[in-house]
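Chemist:
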Amino acid sequence: MSVTESVMFDFLPLQSGVTPEVADSITAVGVVIAYFALMVGIGILYAKRAHASTADFWIAGGSVSLRVQVFAFFAAVVSGGTFFGIGGMAYGFGLGAMAVFLSAILGGLVFMMIFVAAPMRRAGVYTVPDYLKLRYDSANVRIVAALLFAVFSWAYLIPQLTAAGITVDFVLPNIGYSAGVFISTLVFALYVSVGGMWAVTWTDFIQGIIVIFLALVPVPFVIWDLGVGGSISTAIANNPSFGGTTAPGLFLIGLAVTWVLAPLGLPYFGQRILSSESDRVARRSIMWLSVVYLIVFGLMGVFVPAGAMAIEPNLADADYFYYAVLVEYAGPVVQGFGAAALFAAVMSTTDALLIALSASLSHDIPETLGMDLDEQKETWLGAFIIWVGAFTAAWIALSPPAIIGLMITLVAGGAASGLFPAMAIGTWWKRANAQGAIAAMLIGTLTYGGLLVSDVFATANAEVLVSVPIGIASLVVGSYLTDRPSSQELRNFQKFHRKQSTKQTTSADD
Amino acid sequence: MTDTPSEQVDHTVKKHGSTKDLDELTYDEVTITTTAGYRPMIGVTAAVVIPGIILTVYPIYFHDPGNGVTLLTYTGLLWGVIITLAAVVHEYYVTKNENRNAAGESA
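Chains as they are written, first to last, in the numbering used here: chain Y, 1 to 510; chain G, 1 to 107.
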């Protein structure tokens, strides 16, 4: 076990306790199967439209309205990692750690809103690497960004599929975790490859509503049974550190820095911004989802883990907190819906990641290399990459390296280190140029990876406190040591900051 | 493949009441400090970062946690509320700036 892992597990004394099991598997399984069928059905419904053009396949024609986008974006943000992770953080590390985690994610969403949402949507491109290519007028920037986005998307898939496997294990203990990972992967890959961003958007819209409802379902049960203050005081009686945190300070600060900066570099968020029907819709959808996110996970993140800690302070895994409460208070149908909610959280991020991964590898890289793929070939290549990416990630997820909340934070740290400077600072600082952006992406990522592998820090998450400043310094130094941006870069830079709030439909017909 | 919209660059920009060809833009002429989102971006960044430092670092390192619900839990959640309010204020501010700029251009 590495030093980082040992630190993680030193203050997370789990892994050998109680695992909650669903009461009536058949009913719960029925709900989950019906849910899977609905998602695949939506994929098939949008198959023709999605494959009509590359714009439809990658960004749903850039025509998603505010009402749909708020819930679709919410669903994408609420990955399996945050659905499990926020409450899991409270159960494993205490409410203080949960509060920092929740607020840092909100900070990241707001940074995405104020730094890149509107300028990126005004660019009218299909992918984030394409946006960076325009900003820096450089094919090299695009290819480096596409490779990084592909790596981060793929790595982020692993904790999502881990969460899916845990969920199947909960509903169908006889099938078990491994089969659960592969069954879930099959469903995800099927509807994303068939329905593209259209299917992703509409399934995410439905999943967003389901997640909001089901994240809150256990809250009244806990409050009714234990009371508002009673649930927390009972939890504290079972675990005295529950009201604060057992996590080291450096871990929490690293967690906060990671999540404030990571959304700017997480590929699937950018892909969702680009699907908005205008720059104003891109901004406002993030604003509304922040409000909803705070309310939903503020309540769920406090009361559900408190209820779980009050009921069972010795769960085998912190990520089981939600199931523990469902099993205690709800019947098999609600337990089945609970499992569906977790699938919704997992699916909505996994599908967006698969689109982002596929777009990087089948749109950005072939175009940069001068491969002249027609629209049909490009979408079919995209579909193929979705299957390969999903199943290779599933293979790694069979032996996941850590608990879900920590896994997503590890990947997010890489995104924050490698992509935040070029994306956010480069969008607003006109002196930033292609050389600086490439230096920031490569040096930031390599520094983070090097620190992670070499175990320099005794505390998890601390790596970003060094790698992010180095990434920013690389952008600044690299830009100042080389020529000023070209006139083409300046033109695009200016264009991204011009007001353009009317509908901006993006399609192959434009 | 048809041109992506990104390639359909509008080569003109309103500048001092006249239309200027963007091909002639020089480094010094490019400014974003007067755009609708610039000042809100600066303000909201400060509203996220400064409370974040105060509300997390102080309780973590300079406050004795004691028993029960600790200061960090309260301040951590308060930070989230401040961030969310900042997002709403940002959108209001930017929309107001955009509308004012649009009214100025049409006048």
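Glycine included, each C-beta is placed from N, C-alpha and C at the ideal position.
(1) Evaluate the contact criterion for the segment 37-46 of chain Y versus the segment 180-193 of chain Y: three or more CB pairs, one atom per stretch, below 8 Å.
(2) Taking only beta-carbon positions, decide if residue 494 (chain Y) is within less than 9 Å of chain G.
(3) Measuring only the C-alpha atoms, how far is residue 159 (chain Y) from residue 31 (chain G)?
(4) Could you tell me which chain G residues have their CB closer than 7 Å to the CB of residue 249 (chain Y), listed as they occur along the chain?
(5) List the endpoints of the continuous alpha helix (DSSP H) containing residue 73 (chain Y).
(6) Could you tell me the alpha carbon to alpha carbon distance between residue 12 (chain G) and residue 139 (chain Y), rounded to whole angstroms?
(7) When we look at the beta-carbon of residue 67 (chain Y) and count the other beta-carbons within 10 Å, is it buried (16 or more) or exposed?
(8) Taking the continuous alpha helix (DSSP H) assigned at residue 268 (chain Y), which residues delimit it?
(9) Counting only Cβ pairs nearer than 9 Å, list the residues of chain G close to residue 287 (chain Y).
(10) Secondary structure at residue 55 (chain G), three-state DSSP: helix, strand or coil?
(11) State buried or exposed for residue 494 (chain Y), treating a residue as buried only when at least 16 other CB atoms are found within 10 Å of its CB.
(12) Sorted by chain position, which residues of the same chain lie with C-beta nearer than 7 Å to residue 223 (chain Y)'s C-beta, five sequence neighbours on each side aside?
(13) Would you give the residue range spanned by the alpha helix (DSSP H) that residue 177 (chain Y) belongs to?
(14) With 9 Å set as the bound, which would you pick, yes or no: does the beta-carbon of residue 236 (chain Y) sit closer than that to a beta-carbon of chain G?
(15) With contact counted as at least three CB pairs below 8 Å, one residue from each stretch, are the segment 453-462 of chain Y and the segment 97-109 of chain Y in contact?
(16) Which class does residue 25 (chain G) belong to by DSSP, given the choice of helix, strand or coil?
(17) State the Cα-Cα distance for the pair residue 251 (chain Y) and residue 82 (chain G), rounded to the nearest angstrom.
(18) Would residue 54 (chain G) count as contacting chain Y if we go by Cβ distances under 9 Å?
(19) Between residue 32 (chain G) and chain Y, is any beta-carbon pair separated by less than 9 Å?
(20) To which residues of the same chain is residue 98 (chain G) closer than 8 Å at the C-beta, ignoring the five residues directly before and after it?
(21) Counting only the same chain and skipping the five closest in sequence on each side, list residues whose C-beta sits under 7 Å from that of residue 328 (chain Y).
(22) Are there three or more Cβ pairs, one per stretch, closer than 8 Å when the segment 242-256 of chain Y is compared with the segment 318-333 of chain Y?
(23) Alpha helix (DSSP H) containing residue 484 (chain Y): first to last residue?
(24) Is it buried or exposed, residue 217 (chain Y), if we count other Cβ atoms within 10 angstroms and call 16 or more buried?
(25) Would you list, in sequence order, the uninterrupted alpha helix (DSSP H) runs of no fewer than 4 residues that lie entirely inside the segment 385-438 of chain Y?
(26) What do you get for residue 12 (chain Y), buried or exposed, if any count of 16 or more other CB atoms within 10 angstroms of its CB means buried?
(27) Tell me which same chain residues have a C-beta within less than 8 Å of the C-beta of residue 363 (chain Y), skipping the five on either side of it?
(28) Express the C-alpha separation of residue 86 (chain G) and residue 47 (chain Y) in angstroms, rounding to a whole number.
(29) What is the DSSP secondary structure of residue 512 (chain Y), counted as helix, strand or coil?
(30) Looking at chain Y, is there any beta carbon in it that lies within less than 9 Å of the beta carbon of residue 26 (chain G)?
(31) Mapping DSSP to helix, strand and coil, what is residue 69 (chain G)?
(32) From residue 165 (chain Y) to residue 349 (chain Y), what does the alpha carbon distance come to, in whole angstroms?
(33) Determine the chain G residues that contact residue 66 (chain Y) at a beta-carbon separation under 7 Å, and present them in chain order.
Modeler: This is what the structure holds:
(1) Yes: at least three Cβ pairs fall under 8 Å.
(2) Interface residue, yes.
(3) Whole-angstrom Cα-Cα distance: 42 Å.
(4) For residue 249 (chain Y), the neighbours in chain G by C-beta distance under 7 Å run, in chain order, 60 and 61.
(5) Counting along the chain, the alpha helix (DSSP H) containing residue 73 (chain Y) begins and ends at 66-77.
(6) Confidence in residue 12 (chain G) is poor, its pLDDT being 36 and thus under 50, which makes the residue's placement unreliable; the coordinate value appears in the next sentence. Residue 139 (chain Y) has its alpha-carbon roughly 24 Å from the corresponding atom of residue 12 (chain G).
(7) For residue 67 (chain Y), the number of other beta carbons within 10 angstroms of its own is below 16, and it is reported as exposed.
(8) Start and end: 267-274.
(9) Here the neighbours are 84, 87, 88, 90 and 91.
(10) In the structure shown, the three-state DSSP call for residue 55 (chain G) is helix.
(11) With 16 or more other CB atoms across the displayed protein chains lying within 10 angstroms of its CB, residue 494 (chain Y) is buried.
(12) The answer, listed in chain order, is 231 and 303.
(13) Per DSSP, residue 177 (chain Y) belongs to the alpha helix (DSSP H) from 176-216.
(14) By this cut-off, residue 236 (chain Y) is an interface position.
(15) Not touching, per the Cβ criterion.
(16) Under the three-state reduction of DSSP, residue 25 (chain G) is assigned to coil, being neither helix nor strand.
(17) Roughly 22 Å between the two C-alpha positions.
(18) No, its Cβ sits nowhere closer than 9 Å to a Cβ of chain Y.
(19) It does: the Cβ of residue 32 (chain G) has a partner Cβ on chain Y nearer than 9 Å.
(20) Closer than 8 Å at the Cβ level, and outside the excluded window around residue 98 (chain G), lie 36.
(21) Shown here for residue 328 (chain Y): same chain residues with a beta carbon closer than 7 Å to its own, the five before and five after excluded, namely 311 in chain order.
(22) Counting Cβ pairs under 8 Å, fewer than three are found: no touch.
(23) Membership of residue 484 (chain Y) in any alpha helix (DSSP H) is not indicated, and neither H nor E is assigned to it by DSSP.
(24) Buried is the call here.
(25) Taken in chain order, the unbroken stretches of alpha helix (DSSP H) that lie wholly in the segment 385-438 of chain Y and span 4 residues or more are 404-420.
(26) Below a pLDDT of 50, predicted positions are generally treated as unreliable, and residue 12 (chain Y), at 39, falls in that range; no measurement from the model is reported.
(27) So the list reads 54, 58, 126, 127, 130, 378 and 382, once near-sequence residues are dropped.
(28) A direct Cα-to-Cα measurement between residue 47 (chain Y) and residue 86 (chain G) gives close to 40 Å.
(29) Shown here, chain Y extends from 1 to 510; a query on residue 512 (chain Y) therefore has no answer.
(30) At least one chain Y Cβ lies under 9 Å of residue 26 (chain G).
(31) In the displayed model, residue 69 (chain G) falls within coil according to three-state DSSP, outside both helix and strand.
(32) Those two C-alpha atoms are separated by around 15 Å.
(33) Within 7 Å Cβ-Cβ: nothing; residue 66 (chain Y) doesn't reach chain G, min ~12 Å.
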